[in-house]
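Protein chains: 2
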Amino acid sequence: MSSPASSATPNPTAAVLVIGNEILSGRTKDANLPHIAEKLAGIGVRLREARVVPDVEEEIIAALDALRGRYGYVFTTGGIGPTHDDITSACVAKAFGVPLERNAEAVARLERHYGDPSKLNEARLRMANIPAGASLIDNPISAAPGFRIGNVFVMAGVPNIMQAMLDSVLPQLEGGPDLHARTVACELAEGQIAADLGALQDRYADLEIGSYPYFRNGFFGVSLVLRGTDETRVVAATEELAGIVLRLGGTPNVTVGTKG
Amino acid sequence: MSSPASSATPNPTAAVLVIGNEILSGRTKDANLPHIAEKLAGIGVRLREARVVPDVEEEIIAALDALRGRYGYVFTTGGIGPTHDDITSACVAKAFGVPLERNAEAVARLERHYGDPSKLNEARLRMANIPAGASLIDNPISAAPGFRIGNVFVMAGVPNIMQAMLDSVLPQLEGGPDLHARTVACELAEGQIAADLGALQDRYADLEIGSYPYFRNGFFGVSLVLRGTDETRVVAATEELAGIVLRLGGTPNVTVGTKG
Chain A
1 MSSPASSATP
11 NPTAAVLVIG
21 NEILSGRTKD
31 ANLPHIAEKL
41 AGIGVRLREA
51 RVVPDVEEEI
61 IAALDALRGR
71 YGYVFTTGGI
81 GPTHDDITSA
91 CVAKAFGVPL
101 ERNAEAVARL
111 ERHYGDPSKL
121 NEARLRMANI
131 PAGASLIDNP
141 ISAAPGFRIG
151 NVFVMAGVPN
161 IMQAMLDSVL
171 PQLEGGPDLH
181 ARTVACELAE
191 GQIAADLGAL
201 QDRYADLEIG
211 SYPYFRNGFF
221 GVSLVLRGTD
231 ETRVVAATEE
241 LAGIVLRLGG
251 TPNVTVGTKG
Chain B
1 MSSPASSATP
11 NPTAAVLVIG
21 NEILSGRTKD
31 ANLPHIAEKL
41 AGIGVRLREA
51 RVVPDVEEEI
61 IAALDALRGR
71 YGYVFTTGGI
81 GPTHDDITSA
91 CVAKAFGVPL
101 ERNAEAVARL
111 ERHYGDPSKL
121 NEARLRMANI
131 PAGASLIDNP
141 ISAAPGFRIG
151 NVFVMAGVPN
161 IMQAMLDSVL
171 PQLEGGPDLH
181 ARTVACELAE
191 GQIAADLGAL
201 QDRYADLEIG
211 SYPYFRNGFF
221 GVSLVLRGTD
231 ETRVVAATEE
241 LAGIVLRLGG
251 TPNVTVGTKG
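From first to last, the protein sequence lines stand for chains A and B. Using the UniProt record's numbering, the first residue of the first sequence is number 1, and each one after it goes up by one. Using the UniProt record's numbering, the first residue of the second sequence is number 1, and each one after it goes up by one.
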């Protein structure tokens, strides 16, 4: 593309790897992906792919290797607890070709957390096994740390722990240009506005224009979301789109951001 | 493995491909994956992987080709509407190396749905473009069909439409042996039961035993889920596990299925 945005600093990219049989069985609904997506967008990092794999060594390693080679950052969730099905740390070590070592600082954190030495049994000490060369990610809730190795950030699956870990690593990331967004919601059907919307996308090839139908409060409608790094262009396209909606007999409801 | 289950009829496998920028931006929370997972488990099909990709042709085709070669069934959601960002059907045609054709039966369904011919504009007619050789999947809600080609099922992203489409294709699928599950919930911490749980998993290598910590109503605890195709083995392992929980000072709460 020869669009204005593509000649500017590109936004760093990221992928999420969700690890766990419970997501694939439908038992547990993943709540981490949308949270990570929003936090990354807030610092100008574009989430480009997500994968969910079971607690199976070869699947975890293959997905990790595919993603870490393609994207700037990879965030994994799940599989770093004390039970036999928590195999993420060992898989990451294998993927990077480094030994899995008992990390002294991680042991010290667990010792402080559990207090009574009899509580820090061998299962819990497994949570201090970290790939050699990794740096720890703080876990202010249950002590057992996540870790970063290369461009991979290994985090817990439990949402409140994952969120605390992500908050502590966000300042370490190199962000990109701000991503600006506007949403134009209206009660038109997608099929009524599709032709004009496609023509608008052609004129604003540097923006990403998405169309999301909804059914709310008994009414059908569509939310049209415009995104890009050049806010002037986003605002100009939004104004044109609001005019299109009016011409087609709709009432445009414009909001800043992607909600609406 | 030389476990009893692995010598029996294996369960067919499946993958889900979620297509759409809105999932990767965090704007929309995917609700389809857990629904598909539960429905497949109900007929003995194991969901083994899920991927989320943006509305980008090469990403969709690459993911589709990777998944359809590895798993028995692939279910895609999203990207089959009337707007410019709905490119799934064209991508599926390219992946299969067949032309994208205007499907007469799909046109007839749209004509019946819209009634007034002036409403069936070119954008809406795009929804009747279907890869050659595909069979249609009914859409009782908004008429525009999904389709099946080879082992790939292409469905809408809007949850109520996706659910209706899935219900109509489930009877076409070859299922596998029933997957039986029990859940043992207790107020122990994962770290207290991890060693015994690992030993139990070793004795029941034909079962899948998962450990999922929770925080509910002000109390921490763990749900231990046992699954397998041999119900006798699942029940036996559940009884042993309940005994382990009692011995460790916990109160086992046993339920049938994966909830609890």
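No residue lacks a Cβ here, since even glycine has one placed at the ideal position from N, Cα and C.
Check whether the Cβ of residue i lies closer than 8 Å to any Cβ atom in chain B.
i	result
T28 (chain A)	yes
L17 (chain A)	no
T258 (chain A)	yes
G249 (chain A)	no
V158 (chain A)	yes
V53 (chain A)	yes
Q172 (chain A)	no
A41 (chain A)	yes
By the criterion of Cβ-Cβ separation under 8 Å, what are the contact partners of residue i in chain A?
i	result
Y212 (chain B)	E22, R27, T28
P252 (chain B)	By Cβ distance, chain A contributes nothing, its closest Cβ being about 16 Å from P252 (chain B), past 8 Å.
Could you compute how far the alpha carbon of residue i sits from the alpha carbon of residue j?
i	j	result
E190 (chain A)	P82 (chain B)	7 Å
I19 (chain B)	T77 (chain B)	6 Å
G250 (chain B)	V184 (chain B)	11 Å
H180 (chain A)	D202 (chain B)	52 Å
E57 (chain A)	L224 (chain B)	21 Å
Y204 (chain B)	D85 (chain A)	14 Å
A93 (chain A)	I61 (chain A)	9 Å
I130 (chain B)	V245 (chain B)	55 Å
I161 (chain A)	A143 (chain A)	10 Å
P99 (chain A)	M127 (chain A)	15 Å
R233 (chain A)	G257 (chain B)	53 Å
I209 (chain A)	N32 (chain A)	25 Å
G97 (chain B)	P34 (chain A)	34 Å
Y212 (chain B)	I43 (chain A)	32 Å
P54 (chain B)	A95 (chain B)	16 Å
residue 262 (chain B)	R124 (chain B)	In the structure as shown, chain B begins at 1 and stops at 260. Residue 262 (chain B) is therefore absent and cannot be evaluated.
P171 (chain A)	S168 (chain B)	48 Å
V235 (chain A)	T255 (chain A)	11 Å
C186 (chain A)	R112 (chain A)	55 Å
N217 (chain A)	Q192 (chain A)	21 Å
Suppose the cutoff is 8 Å on Cβ atoms and the five residues either side in sequence are ignored; what does the same chain contact list for residue i look like?
i	result
E122 (chain A)	none
V74 (chain B)	A14, A15, V16, L17, L64, L67, R68, N151, V152, F153
L188 (chain A)	G221, V222, V245, L248, G249, G250
A164 (chain A)	D138, N139, P140, I141
A90 (chain B)	E57, L100, N129
E231 (chain A)	D178, H180
K259 (chain B)	T183
T28 (chain A)	G20, E22
Strictly under 8 Å for the Cβ-Cβ distance: is residue i near chain A by that measure?
i	result
G81 (chain B)	yes
G115 (chain B)	no
E239 (chain B)	no
V245 (chain B)	no
R102 (chain B)	no
A242 (chain B)	no
M1 (chain B)	For M1 (chain B), the predicted structure reports a pLDDT of 37, less than 50, and the residue's modelled location is therefore unreliable. A value from the coordinates is still provided. M1 (chain B) does not count as touching chain A.
R182 (chain B)	no
E38 (chain B)	yes
A50 (chain B)	yes
Less than 8 Å between the CB atoms is what I'm expecting for residue i and residue j, so what's the real figure, rounded?
i	j	result
L200 (chain B)	A242 (chain B)	Between A242 (chain B) and L200 (chain B) the Cβ distance is about 11 Å, and since that is not below 8 Å, they are no contact.
G38 (chain A)	G157 (chain B)	In the sequence under discussion, the amino acid at residue 38 (chain A) is Glu, which differs from the Gly named in the question. E38 (chain A) to G157 (chain B), Cβ: 19 Å. No contact.
R46 (chain A)	N11 (chain A)	5 Å
L207 (chain B)	R227 (chain B)	6 Å
F48 (chain A)	L24 (chain B)	The sequence as given places Arg at residue 48 (chain A); Phe does not occur at that position. With a Cβ gap of about 7 Å, R48 (chain A) and L24 (chain B) count as contacting.
Please compile the residues from chain B whose C-beta is within a distance smaller than 8 Å of the C-beta of residue i.
i	result
T229 (chain A)	Near T229 (chain A) there are no residues of chain B at all, since even the closest Cβ is about 14 Å away, more than 8 Å.
R148 (chain A)	Within chain B, no residue comes near R148 (chain A); the closest Cβ sits about 22 Å away, beyond 8 Å.
Suppose the cutoff is 6 Å on Cβ atoms and the five residues either side in sequence are ignored; what does the same chain contact list for residue i look like?
i	result
Y114 (chain B)	L120
S118 (chain B)	none
E239 (chain A)	none
With a CB to CB cut of under 7 Å and the five nearest residues on each side skipped, what residues in its chain are close to residue i?
i	result
P145 (chain A)	A106, R109, L136, I137, D138, N139
A134 (chain B)	F147, R148, I149
T88 (chain B)	I19, I60, T76, G78, G79, I80, V154
E174 (chain A)	P12
L166 (chain B)	I36, K39, M155
Run through chain A and tell me which residues come within less than 7 Å of residue i, C-beta to C-beta.
i	result
Q163 (chain B)	In chain order: nothing, as chain A lies at least about 13 Å away.
R124 (chain B)	G191
P34 (chain B)	G26, K29
Using a cut-off of 7 Å between C-beta atoms, extract the partners of residue i located in chain B.
i	result
L197 (chain A)	T83, H84
E208 (chain A)	N21
Using a Cβ cut-off of 9 Å, pull out every chain B residue sitting near residue i, in sequence order please.
i	result
N121 (chain A)	G191, Q192, A194, A195
L166 (chain A)	By Cβ distance, chain B contributes nothing, its closest Cβ being about 13 Å from L166 (chain A), past 9 Å.
Output, in chain order, the set of chain A residues within a Cβ distance shorter than 9 Å of residue i.
i	result
V225 (chain B)	N21, E22, S25, R27
Quick check: is the beta carbon of residue i nearer than 8 Å to any beta carbon in chain C?
i	result
L47 (chain B)	Of the chains in the structure shown, none is chain C; the protein chains are A and B.
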